[in-house]
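Notes follow once the structure below has been shown.
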Amino acid sequence: MLKAVILIGGPQKGTRFRPLSFEVPKPLFPVAGVPMIQHHIEACAQVPGMQEILLIGFYQPDEPLTQFLETAQQEFNLPVRYLQEFAPLGTGGGLYHFRDQILAGGPEAFFVLNADVCSDFPLNAMLDAHRRQRHPFLLLGTTANRTQSLNYGCIVENPQTHEVLHYVEKPSTFISDIINCGIYLFSPEALKPLRDVFQRNQQDRQLEDSPGLWPGAGTIRLEQDVFSALAGQGQIYVYLTDGIWSQIKSAGSALYASRLYLGRYEFTHPERLAKHTPGGPQIRGNVYIHPTAKVAPSAVLGPNVSIGKGVTVGEGVRLRESIVLHGATLQEHTCVLHSIVGWGSTVGRWARVEGTPNDPNPNDPRARMDSESLFKDGKLLPAITILGCRVRIPAEVLILNSIVLPHKELSRSFTNQIIL
Ligand SMILES: Nc1nc2c(ncn2[C@@H]2O[C@H](COP(=O)(O)OP(=O)(O)O[C@H]3O[C@H](CO)[C@@H](O)[C@H](O)[C@@H]3O)[C@@H](O)[C@H]2O)c(=O)[nH]1
Numbered sequence: 001m002l003k004a005v006i007l008i009g010g011p012q013k014g015t016r017f018r019p020l021s022f023e024v025p026k027p028l029f030p031v032a033g034v035p036m037i038q039h040h041i042e043a044c045a046q047v048p049g050m051q052e053i054l055l056i057g058f059y060q061p062d063e064p065l066t067q068f069l070e071t072a073q074q075e076f077n078l079p080v081r082y083l084q085e086f087a088p089l090g091t092g093g094g095l096y097h098f099r100d101q102i103l104a105g106g107p108e109a110f111f112v113l114n115a116d117v118c119s120d121f122p123l124n125a126m127l128d129a130h131r132r133q134r135h136p137f138l139l140l141g142t143t144a145n146r147t148q149s150l151n152y153g154c155i156v157e158n159p160q161t162h163e164v165l166h167y168v169e170k171p172s173t174f175i176s177d178i179i180n181c182g183i184y185l186f187s188p189e190a191l192k193p194l195r196d197v198f199q200r201n202q203q204d205r206q207l208e209d210s211p212g213l214w215p216g217a218g219t220i221r222l223e224q225d226v227f228s229a230l231a232g233q234g235q236i237y238v239y240l241t242d243g244i245w246s247q248i249k250s251a252g253s254a255l256y257a258s259r260l261y262l263g264r265y266e267f268t269h270p271e272r273l274a275k276h277t278p279g280g281p282q283i284r285g286n287v288y289i290h291p292t293a294k295v296a297p298s299a300v301l302g303p304n305v306s307i308g309k310g311v312t313v314g315e316g317v318r319l320r321e322s323i324v325l326h327g328a329t330l331q332e333h334t335c336v337l338h339s340i341v342g343w344g345s346t347v348g349r350w351a352r353v354e355g356t357p358n359d360p361n362p363n364d365p366r367a368r369m370d371s372e373s374l375f376k377d378g379k380l381l382p383a384i385t386i387l388g389c390r391v392r393i394p395a396e397v398l399i400l401n402s403i404v405l406p407h408k409e410l411s412r413s414f415t416n417q418i419i420l
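Numbering of the sequence shown is given in UniProt numbering, commencing with residue 1 and proceeding in unit increments.
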């Protein structure tokens with residue numbers, strides 16, 4: 001029997017995801033038409049023997065989250081439960097705090113998945129590797145180029161045995177081009193080192209007698225406190241993948257992840273891809289259209305477009321490399337390229353909403369998405385355009401490389417600006 005834990009974090013995280021994370025918790029942001037973590041749940045539900053999926057985070061269990069859990073349970077016919085941390089406990093603290101729930105029923109092993117990654121989740125292959133050796137920790141690893149590897153956990157492995165010899169979280173100088181994907185398979189014994197870290201932290205706190213100081217009561221950093229500490233002791237192994245993988249930290253990376261998942265739908269969910277039908281809109285490449293969306297027959301959509309619930313797309317609209325969220329309206333002849341149009345926003349006739357993609361370098365097979373700062377030298381870097389929720393764009397204007405905060409009613413064109 002197996003279980004899975006998805007680390008969903010909480011509201012103060014996801015700052016690079018603003019203004020989109022104002023409306024919906026980041027793990028529920030739609031990527032390729034479904035909430036970000038639905039991709040994780042679908043992958044887990046397909047592993048034979050999966051008994052339960054636990055979401056651990058410090059969000060309040062509000063309406064969208066509760067609704068999502070109910071729908072997921074019905075759809076996958078599996079218990080999908082949310083366990084709320086009393087305070088942010090870090091990437092390992094929640095696993096230790098909820099150890100009884102995780103180990104209830106005696107699972108053979110459990111997957112741990114960061115919510116903010118996009119992947120083809122090679123969980124069955126990881127399970128096979130785990131069953132051959134039964135080491136406490138198995139990490140999914142992939143490659144990144146030298147510069148970008150510094151943004152991730154870096155792994156030095158023994159190439160013959162795949163044992164992790166050395167682990168450094170976001171090093172300041174180059175260590176290895178193998179990076180941690182934030183997707184793990186742990187055996188129940190993995191909780192013992194977590195207990196050791198917890199107890200050590202408690203003792204340190206008592207010695208210091210400084211209740212306000214970090215680390216907080218139950219905080220455990222899986223990467224530094226466990227992986228770095230145990231590397232080279234025969235307990236941590238890496239399973240390397242060259243499948244799709246990306247982090248989802250910024251809105252730009254959500255658009256990129258959407259493209260990766262839409263590309264996979266051909267094999268995993270062909271029914272989710274819109275087909276060109278006589279009298280219907282023109283579809284180019286991979287496009288997702290929610291069944292309740294109304295799309296005019298003269299619109300041209302794609303590639304890599306995802307259209308949410310209740311969206312209206314008018315005559316002559318051109319949409320490419322974009323996500324249009326729930327209830328938005330694109331009036332006749334608008335052109336939306338490399339952008340995210342927020343919930344309930346309206347783009348007026350003949351307006352053009354355009355962004356600049358910052359995709360990984362296509363000539364470097366190890367390049368990853370850069371989700372760094374929005375600014376460089378005090379200037380907004382060219383990036384995708386984002387319209388927050390209920391923004392109104394008038395007719396015949398150009399909104400280029402800009403971020404528009406929610407509820408703004410614009411009256412003219414804007415280029416390279418954050419509109420507050
Ligand atoms: N429950 C809970 N979840 C948390 C907490 N803090 C972070 N998380 C969740 O844990 C995951 C990792 O979040 P970060 O702490 O922001 O780390 P990171 O910068 O994304 O780096 C991690 O992921 C990379 C791969 O995407 C790794 O390369 C890196 O080593 C590390 O594991 C995210 O899904 C986040 O929601 C917490 O206090 N509680």
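Even glycine gets a Cβ: it sits at the ideal position worked out from N, Cα and C. These numbers come from a predicted model, not from an experiment.
- Message: So if DSSP puts V197 in a beta bridge, which residue, or which two residues, is it bridged to?
- Response: Translated into positions along the sequence shown, residue 197 becomes position 197. The partner list for V197 (beta bridge, DSSP) is empty, contrary to what the question assumes.
- Item | Within 8 Å, strictly: CB atoms of L301 and I384 | Numbered from 1 along the sequence shown, position 301 holds the residue referred to as residue 301. Numbered from 1 along the sequence shown, position 384 holds the residue referred to as residue 384. Taking 8 Å as the Cβ cut-off, L301 and I384 do not qualify as a contacting pair.
- Query: Could you give the C-beta distance for I323 and S258, rounded to a whole number, given that I count them as a contact under 8 Å?
  - Reply: Start at 1 with the first residue of the sequence shown, and residue 323 comes out as number 323. Start at 1 with the first residue of the sequence shown, and residue 258 comes out as number 258. Right, the Cβ-Cβ distance comes to about 6 Å (below 8 Å), so this counts as a contact.
- Message: Rounding to the nearest angstrom, what Cα-Cα distance links F29 and L20 in this structure?
- Response: For the purposes of this step, residue 29 is taken as residue 29 along the sequence shown, with counting starting at 1. For the purposes of this step, residue 20 is taken as residue 20 along the sequence shown, with counting starting at 1. The alpha-carbon separation between F29 and L20 amounts to approximately 8 Å.
- Does the segment 343-350 touch the segment 234-248, meaning 3 or more C-beta pairs lie closer than 8 Å? Fewer than three beta-carbon pairs drawn from the segment 234-248 and the segment 343-350 are found closer than 8 Å, and the two stretches are therefore not classed as touching.
- Answer yes or no: do G348 and T219 have a C-beta to C-beta separation smaller than 8 Å? Along the sequence shown, one-based indexing puts residue 348 at 348. Along the sequence shown, one-based indexing puts residue 219 at 219. Judged by beta-carbon spacing, T219 lies beyond the 8 Å limit of G348, meaning their Cβ atoms are not closer than that value.
- Task: Report all residues from its chain with a CB closer than 6 Å to the CB of G285; omit the five preceding and five following residues, and keep chain order.
- Result: To locate residue 285, count along the sequence shown from 1; it is residue 285. The answer, listed in chain order, is G302, P303.
- Would F111 pass as a contact of C154 if the rule is Cβ separation under 8 Å? The sequence position of residue 111 within the sequence shown is 111, counting from 1. The sequence position of residue 154 within the sequence shown is 154, counting from 1. Going by C-beta atoms, F111 is not nearer than 8 Å to C154.
- Item | Start-to-end residues for the alpha helix (DSSP H) that takes in Y239 | For this step, residue 239 is matched to residue 239 along the sequence shown. Counted as a single uninterrupted DSSP element, the stretch harbouring Y239 is not any alpha helix (DSSP H) but the beta strand (DSSP E) occupying residues 236-240.
- Task: Taking only runs that begin and end inside the segment 393-420, name each unbroken beta strand (DSSP E) of 3 or more residues, in chain order.
- Result: Runs found: 398-400.
- Item | Heavy atom of ligand 1 within 7 Å of T91 beta-carbon | As a first step, residue 91 must be located in the sequence shown, where it is residue number 91. Yes; taking the cut-off as 7 Å, the Cβ of T91 has a heavy atom of ligand 1 nearer than that.
- Quick one: is P291 buried, meaning 16 or more other Cβ sit within 10 Å of its Cβ, or exposed? For the purposes of this step, residue 291 is identified with residue 291 of the sequence shown, where counting begins at 1. Residue environment analysis places P291 among the exposed positions, since fewer than 16 neighbouring C-beta atoms fall within 10 angstroms of its C-beta.
- Message: According to DSSP, is H333 part of a helix, a strand, or is it coil?
- Response: As a first step, residue 333 must be located in the sequence shown, where it is residue number 333. Coil at H333, not helix or strand.
- Message: Tell me the DSSP secondary structure of Y265 in three-state form.
- Response: Position 265 of the sequence shown holds residue 265. In this structure, Y265 counts as helix in the three-state DSSP scheme.
- Message: Give me the DSSP bridge partner(s) of Q84.
- Response: Residue 84 sits at position 84 when you count from the first residue of the sequence shown. Beta-bridge pairing links Q84 to G57.
- Item | Backbone secondary structure at L213 - three-state DSSP | Taking the first residue of the sequence shown as 1, we reach residue 213 at position 213. Its pLDDT being 48, under 50, L213 is placed unreliably by the model, and the measurement read from it follows with that caveat. Coil, per DSSP.
- Task: Throw me the rounded Cβ distance for the V164 and V238 pair, which I believe falls under 8 Å.
- Result: Within the sequence shown, the letter at position 164 stands for residue 164. Within the sequence shown, the letter at position 238 stands for residue 238. Taking 8 Å as the upper bound for CB-CB distance, V164 and V238 are in contact here, some 5 Å apart.
- Item | Boundaries (first-last residue) of the alpha helix (DSSP H) holding G90 | Residue mapping note: residue 90 aligns to position 90 of the sequence shown, counting from 1. Start and end: 90-97.
- Task: Pick out whichever of N401, T66, I37, P394 has its Cα sitting closest to the Cα of W350.
- Result: As a first step, residue 350 must be located in the sequence shown, where it is residue number 350. The candidate whose alpha carbon is nearest that of W350 is P394.
- Message: Given this structure, state the Cα-to-Cα distance separating L213 from A87, to the nearest angstrom.
- Response: Looking up residue 213 in the sequence shown gives position 213. Looking up residue 87 in the sequence shown gives position 87. Confidence at L213 is low in this model, with a pLDDT of 48, below 50, so the placement of that residue should be treated as unreliable; the coordinate-derived value is given next. Looking at the two C-alpha atoms, the distance is approximately 14 Å.
- Comparing the CB of G153 with every heavy atom of ligand 1, is any distance shorter than 7 Å? If you number the sequence shown from 1, residue 153 lands on position 153. Under cutoff, so the answer is yes.
- ligand 1 heavy atom lying under 7 Å from the CB of G141: Here residue 141 is taken as the residue at index 141 of the sequence shown, counted from 1. For G141, the shortest C-beta to heavy atom distance toward ligand 1 is 7 Å or greater.
- If you run the structure through DSSP and keep just helix, strand and coil, what is F17? What you label residue 17 is simply residue 17 of the sequence shown in a count that begins at 1. Of the three classes helix, strand and coil, the one that applies to F17 here is helix, per DSSP.
- Query: Tell me the DSSP bridge mates of E163?
  - Reply: Within the sequence shown, the letter at position 163 stands for residue 163. Under DSSP, E163 takes part in a beta bridge, and its partners are Y237.
- Task: Compute the distance between the beta-carbons of E52 and L78, then report whether it is under 8 Å.
- Result: Here residue 52 is taken as the residue at index 52 of the sequence shown, counted from 1. Here residue 78 is taken as the residue at index 78 of the sequence shown, counted from 1. In contact: E52 and L78 (Cβ atoms closer than 8 Å).
- Query: For V295, which of G280, E189, E70 has the nearest alpha-carbon?
  - Reply: Within the sequence shown, numbered from 1, the residue matching residue 295 stands at position 295. Nearest of G280, E189, E70 to V295, Cα basis: G280.
- Query: How do the segment 258-276 and the segment 27-42 stand: do at least 3 beta-carbon pairs fall below 8 Å, yes or no?
  - Reply: Verdict: yes, contact present.
- Tell me, which residues are paired with C154 by DSSP? Position 154 of the sequence shown, counted from the first residue, corresponds to residue 154. DSSP output for C154 lists V168, I179 as bridge partner(s).
- Item | Residue(s) in a DSSP beta bridge with Y184 | Counted from its first residue, the sequence shown places residue 184 at position 184. Looking at the DSSP output, Y184 bridges to V112, L139.
- Within the same chain, show all residues whose beta-carbon is closer than 7 Å to that of G10, passing over the 5 residues directly before and after it, in chain order. Numbered from 1 along the sequence shown, position 10 holds the residue referred to as residue 10. Contacts found: G57, F58, Y59, P88.
- Message: I believe P136 touches Q206 by the beta-carbon criterion, under 8 Å. Please report the beta-carbon distance rounded to the nearest angstrom.
- Response: As a working mapping, residue 136 is identified with position 136 in the sequence shown. As a working mapping, residue 206 is identified with position 206 in the sequence shown. About 28 Å separates the beta carbons of P136 and Q206, which is beyond the 8 Å limit, so they are not a contact pair.
- Query: Considering only the beta carbon of each residue, do C118 and I248 sit closer than 8 Å?
  - Reply: Residue mapping note: residue 118 aligns to position 118 of the sequence shown, counting from 1. Residue mapping note: residue 248 aligns to position 248 of the sequence shown, counting from 1. Cβ atoms of C118 and I248: closer than 8 Å.
- Do you know offhand how far S411's Cα is from L337's? In the sequence shown, residue 411 corresponds to position 411, counting from 1. In the sequence shown, residue 337 corresponds to position 337, counting from 1. Whole-angstrom Cα-Cα distance: 20 Å.
- Message: Quick check on the DSSP output: the alpha helix (DSSP H) that includes L69 runs from which residue to which?
- Response: For the purposes of this step, residue 69 is taken as residue 69 along the sequence shown, with counting starting at 1. L69 -> alpha helix (DSSP H) spans 63-76.
- Message: Under 8 Å, with one C-beta from each stretch per pair, do the segment 169-179 and the segment 144-159 reach the 3-pair mark?
- Response: For the pair of segments examined, the segment 169-179 was found to touch the segment 144-159: the number of CB pairs separated by less than 8 Å reaches three.
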